[in-house]
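In my numbering, the protein residues as written are 3 to 56.
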């Protein structure tokens, strides 16, 4: 390969790696938000049962 091809490939691979890491960060954040919302909903329903609002 030409050196310019090698440089371009290295840049593209580095960019893809950064995008992959950012995507994983977003997925973990989204999962954390979903988990927190579910825990809050469960807690509210449990508190409703305890207080007799069920």
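Glycine residues also receive a C-beta, built at the ideal position from the N, C-alpha and C atoms.
Keep in mind it's a predicted model, so treat the numbers as computed, not measured.
Roughly how many angstroms separate the alpha carbons of residue i and residue j, rounded to a whole number?
i	j	result
residue 23	residue 29	10 Å
residue 19	residue 47	42 Å
residue 17	residue 50	49 Å
residue 8	residue 27	29 Å
residue 38	residue 31	11 Å
For residue i, which residues from the same chain have a beta carbon less than 7 Å from its beta carbon, with the 5 sequence-adjacent residues on both sides left out?
i	result
residue 5	none
Residues in its own chain within less than 6 Å of residue i by CB, not counting five upstream and five downstream?
i	result
residue 43	none
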